[in-house]
Structure formats: C-alpha cells, structure tokens
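**Student:**
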Amino acid sequence: MNFKLKFSQYNERAILVEWPAIIDENVLHDVLGFKNRIENDAVKEVVEVVSSYSSLLVFYVSTIGNVNDVFLRLKHLYEVQDSVKYLDTQTFNIPVCYEGEFAVDLENYSKEINQSKNEIIRLHSATSYTVYFIGFLPGFLYLGNLDPSLYLDRKTTPNLNVKKGSVAIGGKQTGIYPQDSPGGWHIIGNSPLELFDPKQNPPCFIKAGDKIKFDPISTTEHQKIREEIRSSNFNFETRLVDD
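If you read the sequence shown in UniProt numbering, its first letter stands for residue 1, the second for the next number, and so on.
#1: Kindly give me the distance between the Cβ atoms of N2 and E79, rounded to whole angstroms, as I take these residues to be in contact under 8 Å.
#2: Can you confirm whether the stretch 52 to 64 touches the stretch 118 to 128 when touching is taken to mean that 3 or more C-beta pairs between the two stretches lie within less than 8 Å?
#3: Here's the rule: buried if 16 or more other CB atoms are within 10 angstroms of the residue's CB, otherwise exposed. What is A208?
#4: Classify P178: buried if its beta carbon has 16 or more other beta carbons within 10 angstroms, exposed otherwise.
#5: Distance check for E112 and L152, CA to CA, integer angstroms please.
#6: Which residues bound the beta strand (DSSP E) around I187?
#7: If you draw a straight line from the C-alpha of E119 to the C-alpha of P182, how long is it?
#8: Using the Cα positions of V162 and E101, report the straight-line distance between them to the nearest angstrom.
#9: Can you list, in chain order, the residues of its chain whose CB lies under 7 Å from that of E19, leaving out five sequence neighbours each side?
#10: Hey, which unbroken runs of the beta strand (DSSP E) at 3 residues or more fall wholly within the stretch 99 to 170?
#11: Find the nearest neighbour of Q9 within the set P138, L77, R122 and D69, judged by alpha-carbon distance.
#12: Hey, quick one: how far does the alpha helix (DSSP H) through V61 stretch, first residue to last?
#13: Note down the Cα distance separating Y86 from S110, rounded to an integer number of angstroms.
#14: Considering N36, what are the terminal residues of the alpha helix (DSSP H) in which it resides?
#15: What residue does the alpha helix (DSSP H) around K224 start on, and which one ends it?
#16: Can you tell me where the beta strand (DSSP E) holding L16 begins and where it ends?
#17: Roughly how many whole angstroms lie between the Cα atoms of N114 and Y98?
#18: Going by DSSP in three states, Y78 sits in which element: helix, strand or coil?
#19: Any idea which residues DSSP pairs K199 with across the strands?
#20: Is DSSP giving F71 helix, strand or coil here?
#21: Tell me whether the beta-carbon of L150 lies closer than 8 Å to the beta-carbon of H124.
#22: Output the boundary residues of the beta strand (DSSP E) element that contains Q9.
#23: Are the stretch 220 to 238 and the stretch 140 to 149 touching, with three or more C-beta to C-beta distances below 8 Å?
#24: Are there 16 or more other CB atoms within 10 angstroms of the CB of Q223, so buried, or fewer, so exposed?
#25: To the nearest angstrom, how far is the alpha carbon of D147 from that of I169?
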C-alpha cells in the first residue's frame, strides 16, 4: 500500500519524508518498510534514518548538493519497494506495579476520567500496544492503541521529577519513562525493567513495530524483579518475550 508522501529539505544534510499525520498501523508499517529499504539499499551517503509516527528523517554524511536529485531517488526507492517486509517484530510482556507510591497520579486520574482504579488497571493491562517510535528520552516508548475511555490530556503543570520506570498516560498515548526526568503525563504505575542501557547493543531491546502487553504485579514482585536485574539473574526470555 503506497501513500502520497511529502519530501522536503530539513536542513543542509537531512531530508524529511512525511506520511498522512495520523496514528495508524498501516502508516507505521509503511514508514518502517521504507526506513528498512533505505537502510538496506546500500545508500552509502545515508548515515542515519529516524522514524516517528508518520515521518522519516534521513540524515546524509555530507551536505546535500542537488536536493531534487535526492528527492527523485527517494521517491523511486519508495515506489519500487516490495509489500510490507519491514522487520521482524516481537511481543513483550512488561511487568507493571499499579500500587501505592508507584501510582502517584492514579487517584486523581481516576476522578478525572470517572473510572475506578481497578477498571483503569484492567483496561490498561488488557490491551496489546504498538510501539510507534522511541524518542523524547533514549528508550522512551510511544505506545498506540490506548483504550479511548482512558484518554486524558497531559497535565497543565508538568512534574519536574518523574521516576525511572514510571508508566504513564498522556492524551491518546501511554508510555514508560526510562529514566528520571520531568514529564507531563499521568503516572499510573511503574515497571522495574531497564529499558535503556548504553552498554548494550542495541541500547533499547524494544524497537518500533514491536508489541507491548502490561502485566500487573505487586510491590513485592516489583522489588524481586529489580533485585534479579541488579544481580544479573533476571531471565529475559522466560519473563518478557511472548511467543
């Protein structure tokens, strides 16, 4: 399925490719398919391709000379690409504790959307989420497919110290903060996992196109998993990957 794309020069060394500005899995598959095609087409002058919900930013090694020639090459590459063969995907079961200090906004959030805390947890953990892209912070997962009854605009006043591992909702999205940082999303839980480790290759084991399921755990289980991770006894394949 080919879309009508918009090509523009982002700066002297980058080209922006834009799809219809919607959160949609068909668009995502097309974005990732084209990203994969560029990366595997032996385009030596391309140094990096970054994806978002509905766009690609293609970075070149040196200053772009004739931008129209670059546009034509990218357009041709898009038009001749095969049907969706963009990447292998996995589904990950992410443990989340929705209790006590880990769910600092859950009480107010519950009142705002007029849903009980138990219903929020049930709805949030019942969905299979798509990873649309990773950004804002290294390892921050932007997840689509949130149940519409859980939609709530971001806070008007951001929290200056959102804790690492916080699971949050902002607008029509949910996500996980991979490190301590400011943030304006509503914190409803916390995952004990390390989502970003610069010493690993790749630093984030989850990629765009993968699926995420949240698995509710107790505070005791949360602590146990953290201890297993610190002591390198956490069995990644057994605990996280959904066959």
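C-beta atoms are modelled at their ideal positions from N, C-alpha and C, and glycine is treated no differently.
**Tutor:** In brief:
#1: Contact between N2 and E79 is confirmed by a C-beta separation of about 7 Å, below the 8 Å threshold.
#2: No: the two stretches stay apart, fewer than three of their Cβ pairs being nearer than 8 Å.
#3: Buried is the call here.
#4: Buried.
#5: Going from the Cα of L152 to the Cα of E112 covers about 8 Å.
#6: Note, I187: beta strand (DSSP E), H186 to N190.
#7: Straight-line measurement puts the Cα of P182 at about 27 Å from the Cα of E119.
#8: Cα to Cα, the separation comes out at about 12 Å.
#9: Note that residue 19 corresponds to Trp in the displayed sequence, not to Glu. When the five nearest sequence neighbours on each side are left out, the beta carbons in the same chain lying within less than 7 Å of the beta carbon of W19 are those of F3, L5, V27, D30, V31, S54 and S55, in order along the chain.
#10: Taking only runs of at least 3 residues, the beta strand (DSSP E) segments lying wholly in the stretch 99 to 170 are 128 to 134, 141 to 144, 159 to 162 and 166 to 170.
#11: Nearest C-alpha to Q9 among P138, L77, R122 and D69: D69.
#12: The continuous stretches of alpha helix (DSSP H) do not include V61, and DSSP gives it neither H nor E.
#13: Confidence is the limiting factor: at Y86 the pLDDT is only 48, short of 50, which leaves the residue's position unreliable, though a coordinate-based value still follows. Distance between the alpha carbons of Y86 and S110: 39 Å.
#14: Residue range E25 to E39 is occupied by the alpha helix (DSSP H) that includes N36.
#15: Membership of K224 in the alpha helix (DSSP H) is indicated by the continuous run T219 to R230.
#16: For L16, the uninterrupted beta strand (DSSP E) segment begins and ends at A14 to E18.
#17: If you take the alpha carbons of N114 and Y98, they lie about 18 Å apart.
#18: Correct three-state label for Y78: helix.
#19: K199 pairs with nothing; no bridge assigned.
#20: Three-state result, F71: helix.
#21: A contact, by the Cβ cut-off of 8 Å.
#22: Bounds of the beta strand (DSSP E) holding Q9 are K6 to N11.
#23: They do not touch, by the three-pair rule.
#24: Of the residues assessed, Q223 falls on the exposed side of the cut-off, its CB having fewer than 16 other CB atoms within 10 angstroms.
#25: The straight-line gap from Cα to Cα measures roughly 11 Å.
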